[in-house]
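J.: Quick note, the sequences are listed as chains A and B, same order. Here the first sequence stands for residues 317 to 400, numbered as in the working numbering. Here the second sequence stands for residues 10 to 194, numbered as in the working numbering. Backbone N, C-alpha and C fix where the C-beta goes; we use that ideal spot for every residue, glycine too. The structure is given below, and queries will be raised subsequently.
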Amino acid sequence: MSRSFLISKEEAFHICDKSQYRESTLWEKVKLSFRYLWCRTTRLYVNRNTKLTKTLKSSKLECLHYSERKLIEDRLNEQLKNEM
Amino acid sequence: MPNHQLNPKKWIERYSDYLFNYTITRVNDREIAKDILQDTFFAGLKSMKNFKGEATERTWLISILKRKIIDYYRKINSKKGQAEVRMTYNTDENEGDWLEERVEDEGYLNAEEILENSELGDAIYNCLDKLPEKQATVFKMKTILNYETETICNELNITASNLWVIIHRARIAMAECMEKNWFKS
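Written as structure tokens, this is what we have:
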């Protein structure tokens with residue numbers, strides 16, 4: 317039990333990354349929280365990562381979906397052929 | 010003075026997301042933003058001979074895009090004005106009402122919000138530009154488009170653990186870049 321409760325730094329980073337996309341389980345979050353209490357590197361990583369997520373969310377950034385991008389690309393290439 | 014070159018074959022890869030985000034924050038409609046983006050690229054192709062190489066390719070495309078956005082607003086404002094004239098500007102008592110109705114439109118962002126969003130968007134896209142192409146693609150799909158892990162893996166033919174390694178590297182690079190260029194300023 318205690319062994320599985322302790323996680324490596326790398327595992328903590330991985331859980332933290334997954335948490336940014338709400339893909340970590342409750343148990344993983346508990347393990348991360350425990351490491352967060354005593355590991356300075358983990359705290360730094362978690363704080364930085366969370367700050368990045370908040371900033372990205374607040375920017376309301378948009379980008380093209382793959383299919384939309386492909387459609388515009390095809391049309392541009394077609395136009396490019398006609399221009400040449 | 011640097012002499013910049015145009016390379017239209019790379020426009021989509023290099024600028025489409027940045028220009029699309031720039032447009033959508035101003036027109037607030039995905040379909041219209043796509044049309045304006047496409048018109049911008051077409052107009053760019055037609056004006057290539059006028060490019061003097063003094064500005065960067067991106068700056069030059071943005072100047073075309075800005076004109077396209079202004080054209081779009083001119084067009085809808087003239088249409089909207091005509092429609093509202095027909096509907097409400099028909100009695101002496103209502104005189105002038107339609108003009109205020111046109112001005113009040115909650116659907117658009119105010120100038121301050123546009124500026125703030127636009128500056129933050131610029132900072133993020135500048136950082137994204139510095140990532141290796143694959144990292145940037147995976148990061149955008151996962152973080153901006155909110156695709157499921159499985160969908161990205163199938164689309165790009167990578168494993169889930171591969172995806173998380175890419176995301177981890179991208180997030181470290183993005184956090185460092187944003188720290189330097191956004192949080193400190």
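Are B:Ile181 and B:Val147 close, meaning C-beta to C-beta below 8 Å?
T.: No, they are not a contact pair.
J.: Where do the N-terminal and C-terminal ends of the alpha helix (DSSP H) with B:Tyr24 fall, by residue?
T.: Its alpha helix (DSSP H) spans residues 20–36.
J.: From which residue to which residue does the alpha helix (DSSP H) around A:Tyr352 run?
T.: Residues 342–354.
J.: Tell me which residues share the same chain as A:Cys355 and place their Cβ nearer than 8 Å to its Cβ, disregarding the 5 neighbours each side in the sequence.
T.: Excluding positions up to five away in sequence, the list reads Lys325, Ala328.
J.: Short of 6 Å in beta carbon distance, which residues of its chain neighbour B:Val112, apart from the five on each side in sequence? Order them along the chain.
T.: Residue placement at B:Val112 is flagged as unreliable, the pLDDT there being 37, under the threshold of 50; the coordinate-derived value follows with that caveat. Closer than 6 Å at the Cβ level, and outside the excluded window around B:Val112, lies no residue.
J.: So is B:Asp38 in contact with chain A if we call contact Cβ pairs under 8 Å?
T.: No - not a single Cβ of chain A is within 8 Å of the one on B:Asp38.
J.: Looking at the structure shown, is B:Ala132 part of a helix, part of a strand, or coil, going by DSSP?
T.: Residue state, collapsed to three classes: helix.
J.: Mind listing which residues of the stretch 325–359 of chain A have their C-beta closer than 8 Å to chain B's C-betas, in chain order?
T.: The residues in question are Phe329, His330, Asp333, Lys334, Gln336, Tyr337, Glu339.
J.: Of all the options B:Trp173, B:Ile41, B:Pro141, which has the alpha carbon lying nearest to the alpha carbon of B:Lys77?
T.: Nearest C-alpha to B:Lys77: B:Ile41.
J.: Kindly indicate if chain B contains any beta-carbon less than 8 Å away from that of A:Ile323.
T.: False, the Cβ-Cβ gap to chain B never drops below 8 Å.
J.: Less than 8 Å between the beta carbons of B:Leu54 and A:Leu396, yes or no?
T.: Yes; because the gap between Cβ atoms is below 8 Å, this pair is in contact.
J.: Our contact map puts A:Thr358 next to A:Arg351 with C-beta atoms below 8 Å; I'd like the distance itself, whole angstroms only.
T.: Confirmed, Cβ separation roughly 5 Å.
J.: Helix, strand or coil, according to DSSP, for B:Val177 in the structure here?
T.: In the sequence as presented, Val is not what sits at residue 177 of chain B; that position holds His. It is helical.
J.: Should B:Ser56 be labelled buried (16 or more other beta-carbon atoms within 10 Å of its own) or exposed?
T.: The residue is exposed, with fewer than 16 neighbouring Cβ atoms inside 10 Å.
J.: Please name the residue in B:Tyr134, B:Ile161, B:Met150, B:Tyr24 whose C-alpha comes closest to that of A:Ile388.
T.: The candidate whose alpha carbon is nearest that of A:Ile388 is B:Tyr24.
J.: Using a threshold of 8 Å, state whether the C-beta atoms of A:Leu392 and B:Phe29 are closer than that.
T.: Their beta carbons are not under 8 Å apart, which means A:Leu392 does not touch B:Phe29 by this criterion.
J.: List, in chain order, every chain B residue whose beta-carbon is nearer than 8 Å to that of A:Ser375.
T.: Simply Asn126, Leu129, Gly130, Ile133.
J.: Report the neighbours of B:Ser25 on chain A: residues whose CB is nearer than 7 Å to its CB, in chain order.
T.: Near B:Ser25 (Cβ distances below 7 Å), the residues of chain A are Leu380, Arg385, Ile388.
J.: Does the beta carbon of A:Glu394 sit closer than 8 Å to a beta carbon anywhere in chain B?
T.: By this cut-off, A:Glu394 is not an interface position.
J.: If we count the other Cβ atoms within 10 Å of its Cβ and call it buried at 16 or more, is A:Asn363 buried or exposed?
T.: Exposed.
J.: Rounded C-beta distance between B:Ile161 and B:Lys151? I'm assuming under 8 Å.
T.: Indeed, because the Cβ distance is near 6 Å, the residues count as touching under 8 Å.
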